[in-house]
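Same order as they appear, the protein sequences are chains A and B. Using my numbering, the letters of the first sequence map in sequence onto residues 1030 to 1354. Using my numbering, the letters of the second sequence map in sequence onto residues 98 to 326. Positions of the beta carbon are idealized from the N, C-alpha and C atoms, including for glycine. Written below as structure tokens is the structure these notes are about.
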Amino acid sequence: MSREVFERQHEAQWTALDLSLARLEGRQAARSVPADLPELYRQVCHHLALVRHRRYGADLELRLNRLVLRGHQQIYQGQIQQGQSGGFAGIADFARRGFPRLVRSEKRLVGLSALLFAGPLLLMTVFVPHHPEVAFSVLPPSTVEQMGQQFSPGGSLEAGRPVDSDVLMFGYYINNNIGIAFRTFATGILGGVGSIFFLVYNGLVIGTVTGYIREMGFAPQFFPFAIGHGAFELTAIVLSGAAGLRLGLALLSPGPVSRGRALQQAGRISIRILYGAAGMLVVAAFLEAFWSPLPQPAAAKYGIGAVLWVSVLFYLTLGGRQRGS
Amino acid sequence: MLDTYRPVETPEGVEIGLRVAGPVPRLYAALLDLGLRMVLYVLLLIPAGRFGHTGVGLFLVALFLVEWFYNVVFEVKRGGATPGKRQMGLVVLHRDGTPVGWTASVIRNLVRFADFLPYAYGFGLAAMLVDRDFRRLGDLAAGTVVVHREPVALGARVPAAPPLRPPAPLSLDEQRAVIEFAERLGTWPAARSAELAALLGPLHSAAREDGGEGVQRLVGMANWLLGRR
């Protein structure tokens, strides 16, 4: 069959497919797929194969290629995200069961991440009071001074701050803390090196500040402030580190699949850990901006803080378990 | 052009071609998007500045959302392209040619931070130069490619002429060569067309000096081969 006869025979089908696809792609997309679309699409697939085989010409091939690509996109869209229910119900289910299960399924990486973060943190907390000069080699002196001032008796924290600056601090915590979590995750793709760096570095910084505050004798102001939101914030940083390590591990030890495929699988798992961690950081930012600075008695702060820590740990270790398992 | 052509086999058993996009158009797209975000920040800062600390706090939340999710929202909700990519005719797809979804888009745009390291997309550029699909680290983790939206415009039509039966049966490749010669006629000077036609002397048996006549006969054969008879 010559090309132009072929074109005359099938032009009507191509136009019909083009129109159906244009309707599906439009802004007010008709979500109901026309009944004849799959049939039409398969026929045009067949035509494309014929056009290639018979070498009818590059322009016709391009035209049908484009039609088939558009049909392919309409018919197979969303295939990859199967198994993840969206919408509000999906999010609620993820928070209730999916997330703690996911964290437990990666418990070795979570443990490693916790070690990399909490190790330097505790080390500096204990060490800096004995050698306060070390604080200045970890952080610039201005930062150390500022931290000291904030928590000194009668400092900015105790004097209270205007309510509207709570919103300012909320924005700051969102931007800064979730940004840290995202960076810790993203740099995990460099064989895990980036995540390890951010975990250790943030552990060092937080530990140094804590140690320095202890040395200055401001602990009675600092710990009641930090304990509440710390339950969510410190845990979430550990989890985002674990998500990053998961990415890095896929490159270092891909298992029975290619590195590319292992990386994609790891990406789909770790991004869900990161979603959970980001949710926890939003909670932490709320607490840090609106609860932690309240002038409640230290005992109340410690009590609530302990409840929050226990809740977070119970949530992650027990959440979503089947009864009797 | 050939080495940026990526065939994807569909479940129907037919191949569709994607044309992957290299670093340069993607850099231009990123710069356009950067400019747009800067304009957006200025527009947000003007009202935010009037509400004191609350305004700045809300601005910081907006800054966070835009900085990390600008690309994601456009890629998923606006057909795989940010305004910059749309301007450059680029679109983000899954590696199998389907439109990019939330999961993949979030992954590729968070990992963008690692691509940006150590300076100005250093790692991302290195990954793109090594990978045959120009994928940066974020694309590798998400399983996505950035492709050109529109195929190259080819396909001038064969000019109409009285059909002429070739003197001997032609193979598929020979038929293609004659038709493509006729399709591209307008893109060469007449002298070059005549010169090319002279190579096919035995086919059209026009005198070598009379290049125009040879060209005419070849166009006639192309018409015959296309079925205009």
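Below 8 angstroms on C-beta distance, what does residue i contact in chain A?
i	result
residue 284 of chain B	Those within 8 angstroms of residue 284 of chain B in chain A number zero; the least Cβ separation is about 13 angstroms.
residue 101 of chain B	Within 8 angstroms Cβ-Cβ: nothing; residue 101 of chain B doesn't reach chain A, min ~15 angstroms.
residue 179 of chain B	Neighbours of residue 179 of chain B on chain A: none; closest Cβ ~18 angstroms, over 8 angstroms.
Can you list the residues of chain A that residue i reaches, using a CB-CB cut of under 7 angstroms?
i	result
residue 324 of chain B	1031, 1032, 1033 and 1034
residue 113 of chain B	1094, 1097, 1098 and 1101
residue 273 of chain B	1084
residue 245 of chain B	What residue 245 of chain B touches in chain A: nothing, since even the nearest Cβ is about 12 angstroms away.
residue 196 of chain B	1102 and 1106
What does residue i reach in chain B if we use C-beta pairs closer than 7 angstroms?
i	result
residue 1289 of chain A	237
residue 1052 of chain A	Going along chain B, no residue has its Cβ under 7 angstroms from residue 1052 of chain A, so there is no contact; the nearest lies around 15 angstroms.
residue 1078 of chain A	111
residue 1194 of chain A	150
residue 1276 of chain A	238
residue 1199 of chain A	154
residue 1071 of chain A	109
Are the CB atoms of residue i and residue j nearer to each other than 8 angstroms?
i	j	result
residue 1205 of chain A	residue 1146 of chain A	no
residue 1216 of chain A	residue 1227 of chain A	yes
residue 1086 of chain A	residue 112 of chain B	no
residue 244 of chain B	residue 117 of chain B	yes
residue 208 of chain B	residue 234 of chain B	yes
residue 195 of chain B	residue 1102 of chain A	yes
residue 1200 of chain A	residue 163 of chain B	no
residue 141 of chain B	residue 1196 of chain A	no
residue 1299 of chain A	residue 1270 of chain A	no
residue 1138 of chain A	residue 1263 of chain A	no
residue 1089 of chain A	residue 1032 of chain A	yes
residue 103 of chain B	residue 114 of chain B	yes
residue 1131 of chain A	residue 1302 of chain A	yes
residue 1240 of chain A	residue 1153 of chain A	yes
residue 1248 of chain A	residue 1242 of chain A	yes
residue 288 of chain B	residue 311 of chain B	no
residue 197 of chain B	residue 172 of chain B	yes
The beta strand (DSSP E) that contains residue i, what's its start and end?
i	result
residue 103 of chain B	102-106
residue 115 of chain B	112-116
Taking the alpha helix (DSSP H) that residue i falls in, what are its first and last residues?
i	result
residue 1033 of chain A	1032-1054
residue 1094 of chain A	1087-1105
residue 1130 of chain A	1128-1134
residue 154 of chain B	149-174
residue 224 of chain B	219-227
residue 1277 of chain A	1248-1281
residue 1231 of chain A	1222-1245
residue 1289 of chain A	1288-1315
residue 178 of chain B	Neither: residue 178 of chain B is in no alpha helix (DSSP H) and is coded neither H nor E.
residue 1063 of chain A	Segment: none, residue 1063 of chain A is in no alpha helix (DSSP H) and carries neither H nor E.
residue 1338 of chain A	1327-1347
residue 300 of chain B	298-301
residue 144 of chain B	120-145
residue 1209 of chain A	1208-1215
residue 1386 of chain A	The requested residue 1386 of chain A is not part of the displayed model; chain A covers only 1030 to 1354.
residue 1166 of chain A	1162-1167
residue 209 of chain B	209-213
residue 1122 of chain A	1116-1122
residue 275 of chain B	269-280
Pull up the DSSP beta-bridge partners for residue i, would you.
i	result
residue 242 of chain B	B/190
residue 196 of chain B	B/190
So residue i contacts chain A; which residues on that side make the cut at Cβ distance below 9 angstroms?
i	result
residue 331 of chain B	The shown model of chain B, from 98 to 326, leaves out residue 331 of chain B, and the question about it has no answer.
residue 280 of chain B	1086, 1087 and 1088
residue 203 of chain B	1300, 1303 and 1304
residue 226 of chain B	By Cβ distance, chain A contributes nothing, its closest Cβ being about 17 angstroms from residue 226 of chain B, past 9 angstroms.
Since residue i and residue j should fall inside the 8 angstroms C-beta cutoff, what is the C-beta to C-beta distance between them, to a whole number of angstroms?
i	j	result
residue 126 of chain B	residue 181 of chain B	4 angstroms
residue 1306 of chain A	residue 1272 of chain A	7 angstroms
residue 1077 of chain A	residue 1049 of chain A	Going by Cβ atoms, the distance from residue 1077 of chain A to residue 1049 of chain A rounds to 17 angstroms, so no, they are not a contact pair.
residue 87 of chain B	residue 129 of chain B	Chain B is shown from 98 up to 326; residue 87 of chain B falls before or after that span and cannot be answered.
residue 315 of chain B	residue 301 of chain B	6 angstroms
residue 1279 of chain A	residue 1268 of chain A	Going by Cβ atoms, the distance from residue 1279 of chain A to residue 1268 of chain A rounds to 17 angstroms, so no, they are not a contact pair.
residue 1316 of chain A	residue 1261 of chain A	7 angstroms
residue 161 of chain B	residue 1208 of chain A	7 angstroms
residue 236 of chain B	residue 242 of chain B	6 angstroms
Please list the partners that residue i has in chain B, where partner means a Cβ-to-Cβ separation under 9 angstroms.
i	result
residue 1204 of chain A	157, 158, 160, 161 and 164
residue 1293 of chain A	192, 201, 204, 237, 238, 239 and 240
residue 1207 of chain A	161 and 165
Report the neighbours of residue i on chain B: residues whose CB is nearer than 8 angstroms to its CB, in chain order.
i	result
residue 1212 of chain A	210
residue 1216 of chain A	210, 211 and 214
residue 1340 of chain A	Neighbours of residue 1340 of chain A on chain B: none; closest Cβ ~26 angstroms, over 8 angstroms.
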